[in-house]
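Under numbering that gives the first Met the number 0, the first residue of the sequence shown is numbered 0, with each subsequent residue one higher.
Note that CB positions come from ideal geometry on N, CA and C, so glycine has one too.
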Amino acid sequence: MNKTDDAFATSRIVSVGVSTAEDAESAVAEAAAQLSDHAICFILVFVPERLSETSVADALNRHLPQTPMFGCTSAGQITPQGYADQALVLVAFLRAHFRCSSKLFHPLKPVSIEKTALEAQTLARRFHTTANWNRFAITIADGLSKQEDVLVAALEAGLAGMPVFGGSAGHGVAYDATYVLHDGKFYDNAAVLLIVETDLDFERIKFDHITPTEQQLVVTEANPEDRIVNEINGSPAAEEYARLIGCELADLSPRVFAENPVLVRNLDSWYVRAIQEALEDGSLAFLSAIENGLVLTLGRGKEIIETMNAELAVAGPKGEAPHFVLGFDCVLRRLEIDQKNLSEAASDILRKRRVVGFNTYGEQFDGIHMNQTFLGIAFFTPRREITL
0 MNKTDDAFAT SRIVSVGVST AEDAESAVAE AAAQLSDHAI CFILVFVPER
50 LSETSVADAL NRHLPQTPMF GCTSAGQITP QGYADQALVL VAFLRAHFRC
100 SSKLFHPLKP VSIEKTALEA QTLARRFHTT ANWNRFAITI ADGLSKQEDV
150 LVAALEAGLA GMPVFGGSAG HGVAYDATYV LHDGKFYDNA AVLLIVETDL
200 DFERIKFDHI TPTEQQLVVT EANPEDRIVN EINGSPAAEE YARLIGCELA
250 DLSPRVFAEN PVLVRNLDSW YVRAIQEALE DGSLAFLSAI ENGLVLTLGR
300 GKEIIETMNA ELAVAGPKGE APHFVLGFDC VLRRLEIDQK NLSEAASDIL
350 RKRRVVGFNT YGEQFDGIHM NQTFLGIAFF TPRREITL
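The following block contains the structure:
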């Protein structure tokens with residue numbers, strides 16, 4: 000039996016249902032029963048690795064018929080109590096404060112920038128604007144499609160300045176198959192675009208805990224389409240990376256990659272390009288775009304808990320705490336937190352900051368696909384209500 004936070008239970012803005020029941024039918028029934036009786040605009044669904052996405056979809060359609068539902072399989076969940084691995088999470092956005100319109104891109108690969116941008120623009124134009132309400136977009140993509148870089152660039156172009164936030168679907172740390180949910184059905188090789196309108200004020204959150212060092216790595220041979228780096232600095236990629244971080248080749252693992260990330264620079268900002276795995280042929284598979292000649296910089300981590308606590312301490316126009324934060328948190332951050340036995344401390348921060356969401360295989364923000372980053376949307380009472 001699971002119980003959501005009392006503040007979420009009484010909220011008329013968002014409602015959250017959580018269940019760790021062993022089967023999909025029981026989990027959906029339990030989580031759905033925790034949702035508010037107020038009219039629901041749409042629900043975001045985050046599915047744990049242990050549950051079949053098909054069974055979850057069937058149960059969702061039985062228990063929540065005719066309710067717009069979007070979401071994905073996940074690499075972990077953020078519940079009102081903090082991090083979880085085995086929880087089905089339903090986040091219901093209530094109709095009093097939200098409106099939405101959606102688009103499914105399926106099949107996703109290969110992404111046409113021109114077509115995708117036009118379809119996003121058309122969706123936004125056909126979605127009737129409400130006076131004094133604000134808009135943002137959420138994108139959730141198949142985390143193994145290797146299309147997020149092009150997709151988010153196309154959406155950024157088509158939506159003309161509208162804030163776009165997103166996360167890539169996951170499946171634990173298996174990296175085998177990931178699915179996105181659109182209107183009650185799961186798809187692979189797909190992405191969902193959700194344009195949301197709200198009368199609430201919101202603030203964007205983006206942070207990581209990685210700083211660049213002076214150690215550079217040049218990609219000297221790569222397969223960009225498959226995000227595979229064969230050589231770094233003219234040497235076999237995995238061997239050279241292991242040498243530079245002082246690790247035995249045989250010891251390379253997701254946790255090692257999480258603690259020794261590489262970054263790329265875009266103007267004055269740094270973004271993590273995460274390594275997924277070392278392949279048998281000595282190459283490295285990445286979770287973001289790579290190309291021949293790309294200059295990577297080895298990163299060094301700051302204190303991850305202190306950074307999380309400081310960056311999530313956002314406040315509204317009158318200094319008030321947010322009603323809630325929708326979070327997209329990279330699974331590699333989660334792995335590092337687990338490895339350092341900091342899960343309880345991190346969950347305590349997430350709970351106090353009222354974060355709900357999921358762990359991703361990648362994050363999308365301002366037209367860029369990145370890794371090892373926390374993205375969030377913090378929602379506040381509208382300014383016009385505060386001043387009354």
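Buried or exposed by the 16-neighbour rule on C-beta atoms within 10 Å, applied to GLN214: Along the sequence shown, read from residue 1 onward, the residue named residue 214 stands at position 215. Counting Cβ neighbours within 10 Å, GLN214 comes out exposed, since fewer than 16 surround it.
Stretch pair the segment 65-76 + the segment 40-50: three plus CB contacts closer than 8 Å: Here the segment 65-76 makes contact with the segment 40-50; the two share three or more CB pairs at distances below 8 Å.
Unbroken stretches of the alpha helix (DSSP H), 4 residues or longer, contained in the segment 187-249: The qualifying runs are 236-244.
Any beta strand (DSSP E) of 3 or more consecutive residues that is wholly inside the segment 242-321: Runs of the beta strand (DSSP E) inside the segment 242-321: 261-265, 268-272, 274-277, 283-285, 294-300.
Segment contact, 8 Å Cβ cut-off, at least three pairs: the segment 90-110 with the segment 121-132: Verdict: yes, contact present.
Reduced DSSP secondary structure (H/G/I, E/B, other) of GLY375: Here residue 375 corresponds to residue number 376 of the sequence shown, with the count starting at 1. If DSSP states are grouped into helix, strand and coil, GLY375 belongs with the strands.
Identity of the residues DSSP links to ARG134 by a beta bridge: Counting from 1 along the sequence shown, the entry for residue 134 is found at position 135. BP columns for ARG134 point to GLU196.
Integer-rounded CB distance, given that GLY356 should sit under 8 Å from ASP328: In the sequence shown, counting from the first residue as 1, residue 328 sits at position 329. In the sequence shown, counting from the first residue as 1, residue 356 sits at position 357. The Cβ separation is near 7 Å, so the contact holds.
Rounded separation between PHE323 and THR19 - CA only: Sequence index remark: in the sequence shown, residue 323 carries index 324 (1-based). Sequence index remark: in the sequence shown, residue 19 carries index 20 (1-based). Cα to Cα, PHE323 sits roughly 22 Å from THR19.
DSSP-derived helix/strand/coil call for GLN76: Along the sequence shown, one-based indexing puts residue 76 at 77. In the structure shown, GLN76 sits in a strand (DSSP, three-state: E or B).
Short Cβ contact (8 Å threshold) for GLY142 with THR197: Here residue 142 corresponds to residue number 143 of the sequence shown, with the count starting at 1. Here residue 197 corresponds to residue number 198 of the sequence shown, with the count starting at 1. Their beta carbons are not under 8 Å apart, which means GLY142 does not touch THR197 by this criterion.
Close-in-space but distant-in-sequence residues of the same chain around ASP148 (CB under 6 Å, 5 per side omitted): Within the sequence shown, the letter at position 149 stands for residue 148. For ASP148, where only same-chain residues beyond five positions count, the Cβ hits under 6 Å are ALA288, HIS368.
C-alpha distance - ARG11 paired with ALA95, whole-angstrom precision: As a working note, residue 11 is residue 12 in the sequence shown. As a working note, residue 95 is residue 96 in the sequence shown. Distance between ARG11 and ALA95, taken at the CA atoms: about 8 Å.
Assigned secondary structure, PHE7 (DSSP; H/G/I helix, E/B strand, else coil): Here the question's residue 7 lines up with position 8 in the sequence shown. If DSSP states are grouped into helix, strand and coil, PHE7 belongs with the helices.
Between the CA atoms of ARG299 and ARG49 - distance to the nearest angstrom: For this step, residue 49 is matched to residue 50 along the sequence shown. For this step, residue 299 is matched to residue 300 along the sequence shown. Separation of ARG49 and ARG299 (C-alpha to C-alpha, rounded to the nearest whole angstrom) is 33 Å.
GLY165 beta carbon less than 8 Å from that of VAL151: Reading the sequence shown from its first residue, position 152 is the one you call residue 151. Reading the sequence shown from its first residue, position 166 is the one you call residue 165. Cβ atoms of VAL151 and GLY165: closer than 8 Å.
Endpoints, the alpha helix (DSSP H) within which LYS102 is located: Locating residue 102 in the sequence shown gives position 103, counting from the first residue. Counting along the chain, no alpha helix (DSSP H) covers LYS102; the unbroken beta strand (DSSP E) around it starts and ends at 97-104.
Three-state secondary structure (DSSP) of ILE12: The count along the sequence shown starts at 1 and reaches residue 12 at position 13. Three-state DSSP puts ILE12 in coil, outside helix and strand.
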